[in-house]
Amino acid sequence: MVSAQDAQKNILPKADPRRDRGLIYFDESLKDKPATHALIIGVGHFRGKMKELTTTTISARAVADWLLDEFRNDDKPLGSLTLLLSEAGAPVETHAEYRGGPAARATLGNAKKAVVDWFDDRLSRSADNLAFLFVCSHGQTKNGKTAFLLEDYRNNPDDPADPVYGMTCAEDLAAQLEFAMATSQILLFDCCRNEDLVDLARDTPYGDPLIRRARADNDHGEQRRQARIFATSMDEQSIGRKNNTTLFSAALLKGLKGVAGDPGGGADWPVTTGKLIDQTQRLLGLYRLRDERKQIIAPERAQSFDICFASDTTTVPVFLSRDDPEKWRTSEILIDPVGAPQKKIVGSETGAPFSEITLDDNQDFVVTVSSDGEKVGPVKRRAKAPATFVEIDKDAARAVSRIEQPAQTGKATVEIIAPAGVTVQAGAIVTLTRDDGPGAAKQRIPVAIGAATTIDVEPGDYKIAMRTTDGAVDTQFASLRTGEALSVRFDGATSKHEWLGGAVLQGVAPSRPKTPVKEPLSLEAAIDMLKEHGNLPRKGRLEELPGGLTGVPGLEDFMRPMEVDPGGALGSPHHSDVRRPPPSPRPDIVFSKVGRLDFDLKLTEAEVQITFNRGPDDDPEYLLFSLADAAPRRLAPGVDSRLTAPVFVRVVIDGRSEILALPSCGDEFRPAWSPQVIVDLNRPIDQSAAAVVVQSPEWGGLLGFLASRDFMSAGRVFEGALMGAAVAAFRAKVENPLAAAAGAFVVVAAAQPDVRQEWDRWLINLDQLFPGLPDGPIIRARRLLSQEATPERTKLARDCLVEGFRRGPPVYSLSVDWLTRGLDALAPKDPSLEEMAQVARRFANRVDSTRLFTVVREN
Numbered sequence: 089m090v091s092a093q094d095a096q097k098n099i100l101p102k103a104d105p106r107r108d109r110g111l112i113y114f115d116e117s118l119k120d121k122p123a124t125h126a127l128i129i130g131v132g133h134f135r136g137k138m139k140e141l142t143t144t145t146i147s148a149r150a151v152a153d154w155l156l157d158e159f160r161n162d163d164k165p166l167g168s169l170t171l172l173l174s175e176a177g178a179p180v181e182t183h184a185e186y187r188g189g190p191a192a193r194a195t196l197g198n199a200k201k202a203v204v205d206w207f208d209d210r211l212s213r214s215a216d217n218l219a220f221l222f223v224c225s226h227g228q229t230k231n232g233k234t235a236f237l238l239e240d241y242r243n244n245p246d247d248p249a250d251p252v253y254g255m256t257c258a259e260d261l262a263a264q265l266e267f268a269m270a271t272s273q274i275l276l277f278d279c280c281r282n283e284d285l286v287d288l289a290r291d292t293p294y295g296d297p298l299i300r301r302a303r304a305d306n307d308h309g310e311q312r313r314q315a316r317i318f319a320t321s322m323d324e325q326s327i328g329r330k331n332n333t334t335l336f337s338a339a340l341l342k343g344l345k346g347v348a349g350d351p352g353g354g355a356d357w358p359v360t361t362g363k364l365i366d367q368t369q370r371l372l373g374l375y376r377l378r379d380e381r382k383q384i385i386a387p388e389r390a391q392s393f394d395i396c397f398a399s400d401t402t403t404v405p406v407f408l409s410r411d412d413p414e415k416w417r418t419s420e421i422l423i424d425p426v427g428a429p430q431k432k433i434v435g436s437e438t439g440a441p442f443s444e445i446t447l448d449d450n451q452d453f454v455v456t457v458s459s460d461g462e463k464v465g466p467v468k469r470r471a472k473a474p475a476t477f478v479e480i481d482k483d484a485a486r487a488v489s490r491i492e493q494p495a496q497t498g499k500a501t502v503e504i505i506a507p508a509g510v511t512v513q514a515g516a517i518v519t520l521t522r523d524d525g526p527g528a529a530k531q532r533i534p535v536a537i538g539a540a541t542t543i544d545v546e547p548g549d550y551k552i553a554m555r556t557t558d559g560a561v562d563t564q565f566a567s568l569r570t571g572e573a574l575s576v577r578f579d580g581a582t583s584k585h586e587w588l589g590g591a592v593l594q595g596v597a598p599s600r601p602k603t604p605v606k607e608p609l610s611l612e613a614a615i616d617m618l619k620e621h622g623n624l625p626r627k628g629r630l631e632e633l634p635g636g637l638t639g640v641p642g643l644e645d646f647m648r649p650m651e652v653d654p655g656g657a658l659g660s661p662h663h664s665d666v667r668r669p670p671p672s673p674r675p676d677i678v679f680s681k682v683g684r685l686d687f688d689l690k691l692t693e694a695e696v697q698i699t700f701n702r703g704p705d706d707d708p709e710y711l712l713f714s715l716a717d718a719a720p721r722r723l724a725p726g727v728d729s730r731l732t733a734p735v736f737v738r739v740v741i742d743g744r745s746e747i748l749a750l751p752s753c754g755d756e757f758r759p760a761w762s763p764q765v766i767v768d769l770n771r772p773i774d775q776s777a778a779a780v781v782v783q784s785p786e787w788g789g790l791l792g793f794l795a796s797r798d799f800m801s802a803g804r805v806f807e808g809a810l811m812g813a814a815v816a817a818f819r820a821k822v823e824n825p826l827a828a829a830a831g832a833f834v835v836v837a838a839a840q841p842d843v844r845q846e847w848d849r850w851l852i853n854l855d856q857l858f859p860g861l862p863d864g865p866i867i868r869a870r871r872l873l874s875q876e877a878t879p880e881r882t883k884l885a886r887d888c889l890v891e892g893f894r895r896g897p898p899v900y901s902l903s904v905d906w907l908t909r910g911l912d913a914l915a916p917k918d919p920s921l922e923e924m925a926q927v928a929r930r931f932a933n934r935v936d937s938t939r940l941f942t943v944v945r946e947n
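Positions 89 to 947 (this note's numbering) are the ones given, in order, by the sequence shown.
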């Protein structure tokens with residue numbers, strides 16, 4: 089932690105010209121040493137018609153205050169802080185004040201200067217630097233990409249009609265930061281991800297880039313451990329509070345201040361990216377109001393790393409909540425700590441649907457609840473640092489039961505059960521943490537979904553957490569004695585139909601709601617929420633409120649699904665929350681042509697065809713089509729030359745045309761690898777309606793984690809369950825190259841040195857044994873570009889990218905992304921690649937990056 093004296097010494101004086109470029113704090117002594125360099129952008133004032141926000145700049149200030157006053161990382165102390173602020177209501181000729189001087193406004197010009205200085209002068213001075221980025225503003229999405237808006241959004245003085253001026257694509261900025269020297273990067277985007285209804289030509293970049301850099305000739309080649317975290321999932325809002333921080337910022341700061349600390353790290357508890365993601369999501373869920381959908385953060389994470397450190401503590405924050413926020417309002421909660429006075433909480437007086445109390449570390453306590461004559465509990469728990477969460481209703485109905493199961497001598501046995509619409513042998517990750525001793529010994533184990541997994545453990549008290557492919561983490565507690573066996577049941581990624589199980593697992597369809605649908609929110613309840621919380625629920629069933637609400641402050645806006653939350657929630661004023669209703673009668677879905685695809689979207693019809701068979705017709709939202717492949721094998725060595733390249737299909741759905749990669753390896757691979765097409769009839773018109781999922785008992789879980797870009801969990805599934813299968817695929821030379829490619833993605837993206845070195849020769853095989861598969865050389869190029877730069881390695885990476893491009897569009901959308909990034913990294917110094925890079929970018933602009941397998945939108 090920076091001492092108060094040092095912090096004040098390093099804060100730039102009011103007249104320092106560097107403040108005009110956003111720099112607030114700079115420690116000259118750390119200029120060429122490992123340090124943390126932070127850039128914060130908060131935008132609340134917009135020069136156009138965007139709604140002004142108070143919550144964004146309050147959040148930006150709160151994060152900046154934490155960095156200056158509480159951030160502690162002795163290995164990488166705070167070296168610099170850059171802050172751009174555009175506060176609501178502030179005239180454009182004024183500047184916000186921060187720490188005794190002006191903060192530069194968050195305009196496009198200032199943002200470009202700040203990012204260039206941050207990249208060139210600070211991040212790129214040491215590989216051991218930590219990059220910390222926090223952006224809080226309005227946000228919009230298009231075709232799976234997210235842009236945050238700056239103060240002068242759509243106010244281009246040279247072209248007033250410019251639709252992307254003053255907005256920046258977060259994913260493109262993250263890609264550019266991979267060229268910085270800093271190997272640890274945490275990028276936080278606290279903005280909505282509503283649909284952008286502006287009609288852009290497909291060749292138009294989504295947003296104005298803040299920086300363009302190429303890979304340095306002397307790049308150190310160390311893996312960039314980049315954690316990219318969005319405050320909410322695609323097509324959702326990030327909730328703000330008027331004259332207060334956003335909910336994401338509030339949860340984030342609690343995590344950074346210690347709730348996300350890892351007691352297993354010694355006296356100084358590291359706050360790692362993985363732990364921060366988990367605890368921020370858990371804290372964020374506490375704020376959900378009645379009839380609100382829980383705000384789900386969207387991380388893309390590779391290898392975890394330390395951000396900061398929290399100190400050991402003798403007290404523990406304990407968070408108490410109920411399964412229904414409405415129940416909390418009518419609850420009286422009694423907490424009986426052993427050896428300490430009883431505490432009483434009245435839900436209607438807390439101002440939020442949860443409460444935080446403090447107890448001594450390792451203190452046992454009992455919670456009971458009274459609510460409208462209902463009694464819940466007792467719930468017996470122990471306060472354990474760094475934080476304890478008590479979900480009262482769930483913990484009172486523990487899904488733990490004793491079973492007859494012989495255990496190993498001196499051991500205990502846990503049986504993990506996770507219901508799901510499909511059976512997958514490694515579909516989730518379970519973390520078992522000892523809860524009854526010093527330290528925090530952990531096991532992380534891939535487990536089956538739709539079936540039981542048995543694990544032998546040392547006797548003791550355990551916290552058992554399951555992470556599923558949708559990012560949800562469910563936690564149970566169990567006490568195991570020697571020779572005892574317990575069955576622990578989790579909420580899996582359940583689907584409303586068994587045939588939708590694969591779509592749920594791979595993020596194409598949502599999990600079935602775990603709570604019953606309530607009656608529509610009443611006018612009286614809405615008014616109560618305005619009075620109690622100062623804001624209103626986002627999304628949900630807003631359109632079901634009765635009409636005639638004029639005269640009640642805020643409620644007329646609340647009624648409009650086209651308007652942003654009047655309580656200060658972030659969002660775009662032209663966002664629509666209405667999913668397009670399925671037409672009646674149901675539309676014709678035409679699979680018009682199957683064949684090879686080029687980057688100009690020309691399909692050459694295949695001679696060996698794939699046909700599509702319509703599945704069950706019992707759902708108003710989704711349709712399923714199974715594939716019948718006339719070819720016994722595709723892509724493998726030795727097959728007919730017509731079958732060495734992947735095939736695509738054009739699908740026409742209710743007037744929109746999409747081209748889908750078909751990840752078929754031939755009929756002989758069914759049912760172990762069975763591609764299916766899922767059509768979402770409610771998907772908004774500017775998004776892709778069709779997607780491909782693969783039903784696979786062996787590979788389905790890995791594909792699900794890849795779909796959500798959770799490379800860290802995918803890596804654990806791969807190492808724990810699938811490594812042997814992937815290696816066997818290469819050794820046999822005729823097995824499933826698409827499954828092997830999925831494993832290769834994980835090895836390269838998850839940055840696991842011991843695994844990736846062993847895999848280098850397999851990446852060569854993936855490139856050379858399957859000469860028609862574009863993904864192989866693209867993955868290999870990504871690996872080469874993540875190593876130390878040498879002329880030979882750079883040339884080889886270039887050749888791999890050119891070969892991948894020559895083979896045509898890839899099967900996986902991640903390969904499209906890596907092809908574009910790779911060509912962009914090399915083209916500035918190799919003009920012969922520029923035209924190829926432009927073609928790849930144009931193609932990538934059409935690809936829906938939220939889909940695992942490539943989906944190209946034609947119209």
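Note that CB positions come from ideal geometry on N, CA and C, so glycine has one too.
Just measuring C-alpha positions, the residue of N853, G439, R870 sitting nearest Q311 is R870.
A residue is called buried once 16 or more other Cβ atoms fall within 10 Å of its Cβ, and V347 is buried on that count. Inclusion of L911 and A925 in the CB contact set at 7 Å is warranted, their separation being smaller than that value. A straight-line Cα-Cα distance of about 7 Å links D120 and S214.
Excluding five sequence positions before and after R301, the CB atoms of its chain that fall closer than 6 Å to its own CB belong to Q264, F267, given in chain order. Following the DSSP letters along the chain, one finds V904 inside the alpha helix (DSSP H) bounded by residues 901-914. If you draw a straight line from the Cα of N243 to the Cα of G132, it is about 16 Å long.
The alpha-carbon of G465 is positioned some 13 Å away from that of S419. Here S225 is buried. Its C-beta has 16 or more other C-beta atoms within 10 Å. A Cβ-Cβ distance of about 11 Å is found for the pair V899 and I867, leaving them out of contact under the 8 Å criterion. When DSSP reads this structure, I533 sits in a beta bridge with V518. Here K432 is not near L447, since their CB atoms are 7 Å or more apart. Here the C-alpha atom of S326 lies approximately 33 Å from the C-alpha atom of F806. Around P441, the same chain offers P413, W416 as residues with beta carbons nearer than 6 Å, after the five sequence neighbours per side are excluded. Contact between S776 and V943 holds, since their C-beta atoms are separated by about 5 Å, short of 8 Å. Taking all protein chains shown into account, I99 has 16 or more neighbouring C-beta atoms within 10 Å of its C-beta and is therefore buried. Per the C-alpha coordinates, the member of V455, A178, L940, Y186 positioned closest to F134 is A178. Straight-line spacing of the CA atoms in L914 and R303 works out to 7 Å. Three or more Cβ pairs drawn from the region 733-744 and the region 678-687 lie within less than 8 Å of each other, which places the two stretches in contact. Contact check for P720 and G754: beta-carbon distance about 5 Å, within the 8 Å limit, so the pair qualifies. A residue is called buried once 16 or more other Cβ atoms fall within 10 Å of its Cβ, and V151 is buried on that count.
For M322, the secondary structure class from DSSP, reduced to helix, strand or coil, is coil. For C888, the enclosing alpha helix (DSSP H) covers residues 879-895. Contact between L712 and I766 holds, since their C-beta atoms are separated by about 6 Å, short of 8 Å. S599 is a Cβ neighbour of T582, given a cutoff of 7 Å.
A Cβ-Cβ separation of about 15 Å leaves L275 out of contact with R210 under the 8 Å criterion. Nearest to P751 by alpha-carbon distance, out of A508, R939, R797, is R939. Linking D848 to L884 through their CA atoms gives a straight-line distance of about 14 Å.
Looking only at F941, R376, L889, S901, the smallest Cα-Cα distance to E922 is reached by L889. The alpha-carbon of L691 is positioned some 12 Å away from that of A749. Non-local beta-carbon contacts of L364 in its own chain, meaning distances under 6 Å to residues more than five positions away in sequence, involve G343, A348 in chain order. Per DSSP, W357 lies in no alpha helix (DSSP H) segment; the continuous beta strand (DSSP E) that holds it begins and ends at 356-360. Counting only runs of 3 or more residues that sit fully inside the region 104-150, the beta strand (DSSP E) segments are 111-114, 124-131, in chain order. For the pair V502 and A724, the Cα-to-Cα distance works out to about 41 Å. Excluding its 5 nearest sequence neighbours in each direction, F318 has C-beta neighbours in its own chain below 6 Å: F277, A386, listed in chain order. With respect to L218, K164 sits close: the two C-beta atoms are nearer than 7 Å.
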